[in-house]
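Asks: I'd like to ask some things about the structure below.
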Amino acid sequence: HRARPDAQGPALCRVARSLRAVFAESLSLVAGSVVDHAADVEVVACPVARGLVNVGIGAQGAIRQAGGAALEAEIRKLPRHLSDTVAIVPGGHAFANVALTV
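The sequence shown runs 1450 to 1551 under our numbering.
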């Protein structure tokens, strides 16, 4: 809804469909572990809390474990409390890049 904050009803539906078409060419969703598909992507999305604490479960746990010490070192360089943002960092041992998404 940020693309057209004034869109409502049918207009919102049209905006959503047009955004879907734009992202269809550059975004893919795959089943299974992100670690299994990492070689095929440029950026892996990693959900994080603002404080960047790794609770070690779910997608965040799998991504941070696979990225290893190199990914953790990149994360330590970031401010401790991210706002609603995305920080893209080198992905360590397993990924080209990781998008830490608050």
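Glycine residues also receive a C-beta, built at the ideal position from the N, C-alpha and C atoms.
Report buried or exposed for Arg1463, applying the criterion of at least 16 other Cβ atoms within 10 angstroms of its Cβ.
Replies: The sequence position of residue 1463 within the sequence shown is 14, counting from 1. Exposed, since its Cβ has fewer than 16 Cβ neighbours within 10 Å.
Asks: Counting only the same chain and skipping the five closest in sequence on each side, list residues whose C-beta sits under 6 Å from that of Val1538.
Replies: Here residue 1538 refers to the residue found at position 89 when the sequence shown is read from its first residue. Hits under 6 Å: Glu1523 and Val1547.
Asks: For Ile1537, which beta-bridge partners are listed by DSSP?
Replies: Here residue 1537 is taken as the residue at index 88 of the sequence shown, counted from 1. Answer is Ala1548, bridged to Ile1537.
Asks: For Gln1509 versus Val1492, is the C-beta spacing smaller than 8 Å?
Replies: By 1-based counting over the sequence shown, the position of residue 1509 is 60. By 1-based counting over the sequence shown, the position of residue 1492 is 43. Against a cut-off of 8 Å, the Cβ pair of Val1492 and Gln1509 comes out as no contact.
Asks: Would you list, in sequence order, the uninterrupted alpha helix (DSSP H) runs of no fewer than 4 residues that lie entirely inside the stretch 1453 to 1502?
Replies: Whole alpha helix (DSSP H) segments, 4+ residues: 1458 to 1473 and 1483 to 1486.
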